[in-house]
Amino acid sequence: MSDSHHRPRRPAATAPALLHRLAPRTLRGRLSLVALITATLLMLVLTVAFNAVAQRRLQHQADDELRARAAAVATTVDTSGTKVRVLETSHDDLLDANVWIYAGRHLLEQPPAAGPLTRVANALAARGGQRCLTTTIHRPLRLCSHQVPGARGRATVVTALDLSPYRSSADTLLVGSLALDAFMLACTYALTRLAVGRALRPVRTMTDQAIQWSAVASEERFGSKRHPAELARLGTSLDAILDRIRTLLRHERQLTGELSHELRTPLSRIIAELDWWHTRPRSLAQTWATHRVIAEAAESMRSICDTLLDDARNGALTAPGTADLLPTLRHLVQLLQKPSHLAISVEGSHLDAGVPPALLERIVSPLLTNACRYAHSSVTVRAYRAPDGVRVDVIDDGPGVPPRFAGQLFEPGQRTDPGDGHSGAGLGLPLAQRLARSAGGEVTYDPGHAPGARFVVSLPAG
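In structure tokens:
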């Protein structure tokens with residue numbers, strides 16, 4: 104036995120799946136197909152209604168002609184006496200054209216060679232009154248009975264008419280209407296595709312523009328173009344998406360720059376210790392000291408990454424914790440690579456700030472690094488209590504900040520003099536201010552301090 108009987112049959116495609124597979128792939132094709140189907144249904148209804156009305160009208164015309172002929176024949180029937188007589192007139196040729204004359208049910212006159220049609224006329228005359236019926240004997244025929252006026256039902260005229268010319272006219276109307284429908288449907292489909300294509304041209308243009316535009320560098324927006332209301336609404340939505348993408352990319356670039364800026368110092372310490380350890384013999388104690396410095400730098404890097412990533416994810420640093428200001432500031436000064444001629448002093452009393460120690464280091468570290476970069480001989484870090492929390496002043500005796508640049512001091516990427524010989528990307532001060540604000544504090548610059556520069560860190564008390 105063949106194993107073909109045991110093969111599982113593939114399930115037949117359902118009607119919706121088949122229709123979905125056959126449907127056009129483009130919106131232009133689908134809209135054109137919908138318009139074509141709608142126009143086809145409408146044309147079908149109108150064609151059926153038109154041809155039904157046309158056929159009914161042609162039948163009424165045939166009945167009117169039969170009644171007119173019957174009325175003409177009735178004038179040749181004499182009913183004045185006791186017997187019904189057919190008068191001889193000059194219109195005897197009417198009797199030869201499918202006309203039957205009855206006296207009661209008695210047939211007086213009939214067309215020659217009527218044959219089976221006479222039986223139909225007899226039945227129609229026997230029913231009395233004015234009636235019409237359609238029959239087919241070799242060809243379609245219409246018969247109508249007509250009571251002779253004044254005969255009180257004693258005389259009846261039945262006339263017959265060949266419907267072939269009328270049927271031919273009806274068929275001609277049907278073929279003509281179908282041809283017109285086909286032409287109209289073809290025009291409808293072509294015009295719909297053309298109109299939809301023109302209507303969707305702005306969408307295609309917007310798509311090409313979205314591919315070409317840079318979400319960060321380009322200031323072009325869809326809302327600046329004149330579009331119909333629907334496309335204008337779409338353009339507004341796309342502009343909002345572009346703005347969000349631009350904001351996200353700007354934040355990502357800012358986070359990358361801040362991580363690079365903050366990780367530079369511990370990486371430099373690790374590289375310096377490793378270079379020193381490789382270039383000269385070291386004792387066991389010195390090796391352990393190098394390991395300790397590298398471990399502290401690595402821990403600092405992890406703290407930097409955790410702090411900045413938490414801020415980037417949450418927008419606010421809500422991790423609970425307090426920091427003892429003086430030990431944290433002294434530890435930060437110890438980790439700092441400062442010039443040999445520079446003296447750094449930490450002053451103040453024991454106070455607690457309502458932020459974690461790692462966050463306090465990230466806030467103060469850029470200010471302290473900036474002060475060491477520009478100070479001539481001394482940097483002072485002072486912690487003290489304020490009415491709204493605690494404050495930390497970072498003061499140096501350098502040249503200070505030019506008044507014209509004070510308004511741009513906390514803008515990312517801005518430096519007083521990029522050619523002053525000092526390294527830096529202009530990200531430290533904006534980072535310090537942003538982290539302080541995320542913890543409910545602030546970083547400000549005191550323009551009235553002279554000589555040198557004074558930055559004030561305000562934080563909630565612990």
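Heads up: the sequence shown runs through residues 104 to 565, numbered per this note's numbering.
Ideal Cβ placement from N, Cα and C applies to all residues, glycine included.
Query, Result
"Does DSSP put Ile397 in a helix, a strand or coil?", "helix"
"Touching or not, the segment 139 to 149 and the segment 262 to 270, by the rule of three or more beta carbon pairs under 8 Å?", "no"
"Of the choices Arg245, Gln511, Ala456, whose alpha-carbon is the least far from that of Ser494?", "For the sequence presented, residue 494 should be read as Arg rather than Ser. Measuring from the Cα of Arg494, the nearest candidate turns out to be Ala456."
"Can you say whether Cys247 is buried or exposed, counting buried as having 16 or more other CB atoms within 10 angstroms of its CB?", "buried"
"Measure the Cβ-Cβ separation of Leu470 and Val497 and say whether it is below 7 Å.", "yes"
"Below 7 Å between beta carbons: does that hold for Ser135 and Tyr292?", "yes"
"Are there three or more Cβ pairs, one per stretch, closer than 8 Å when the segment 529 to 540 is compared with the segment 459 to 475?", "yes"
"Can you give me the C-alpha to C-alpha distance between Ile348 and Leu341, rounded to a whole angstrom?", "10 Å"
"First and last residue of the beta strand (DSSP E) that includes Val202?", "202 to 206"
"When the Cα atoms are used, what is the spatial distance from Ile373 to Val396?", "7 Å"
"Under three-state DSSP, which class holds Thr425?", "coil"
"If we call anything under 7 Å between Cβ atoms a contact, is Gly253 one with Thr182?", "yes"
"Flag this pair as yes or no: are the beta carbons of Ala228 and Tyr205 separated by less than 7 Å?", "yes"
"Kindly indicate the opening and closing residues of the beta strand (DSSP E) around Leu562.", "556 to 562"
"Measuring straight from C-alpha to C-alpha, what distance separates Pro554 and Leu377?", "39 Å"
"Since Pro243 sits in a beta bridge, which residues does DSSP pair it with?", "Thr239"
"Given a threshold of 16 other Cβ atoms within 10 Å of its Cβ, counted over all protein chains shown, does Phe558 qualify as buried or as exposed?", "buried"
"With distances taken from CA atoms, which of Met287, Ala332, Leu281, Ala165 is nearest Ala302?", "Ala332"
"Going by DSSP, what residues sit across from Thr262 in a beta bridge?", "Val202, Cys247"
"For Arg304, collect the residues of the same chain with a Cβ closer than 7 Å to its Cβ; drop the 5 residues on either side in sequence, then sort them by chain order.", "none"
"I need the DSSP call for Thr547, collapsed to helix, strand or coil.", "strand"
"State the start and end residues of the unbroken beta strand (DSSP E) segment that holds Ala478.", "Element bounds for Ala478: n/a, residue is neither H nor E."
"For Cys235, I'd like the list of residues in its chain whose CB is within less than 6 Å of its CB, leaving aside the five on either flank, ordered along the chain.", "Asp166, Cys247"
"Is the segment 507 to 516 close to the segment 472 to 492, with three or more CB pairs under 8 Å?", "no"
"Can you give me the start and stop residues for the beta strand (DSSP E) that Glu212 sits inside?", "209 to 212"
"Give the single residue among Thr237, Glu212, Glu191, Val187 whose Cα lies nearest to the Cα of Arg159.", "Thr237"
"Considering only their Cβ atoms, is the gap separating Gly551 from Leu562 smaller than 7 Å?", "no"
"Thinking just about the alpha-carbon of each residue, which of Val151, Thr425, Thr178, Val137 is nearest to the one in Asp274?", "Val151"
"Hey, out of Ala474, Gly207, Ser386, Gly492, whose CA is closest to Thr185's CA?", "Gly207"
"For Tyr548, collect the residues of the same chain with a Cβ closer than 6 Å to its Cβ; drop the 5 residues on either side in sequence, then sort them by chain order.", "Leu512, Phe558"
"Can you have a look at His249 and say buried or exposed, based on whether 16 or more other CB atoms are within 10 angstroms of its CB?", "buried"
"Taking the Cβ atom as the reference point for each residue, do Asn225 and Pro214 lie within a distance shorter than 7 Å?", "no"
"Looking at the strands, I want to know which residues DSSP matches up with Asp311.", "None; Asp311 has no bridge partner."
"Gly300 and Arg131: beta carbons closer than 7 Å?", "yes"
"Where do the ends of the alpha helix (DSSP H) carrying Ala542 lie?", "Counting along the chain, Ala542 falls outside any alpha helix (DSSP H), and DSSP gives it neither H nor E."
"Let's test the definition: count the other Cβ atoms within 10 Å of the Cβ of Leu428 and tell me whether it reaches 16, buried, or not, exposed.", "buried"
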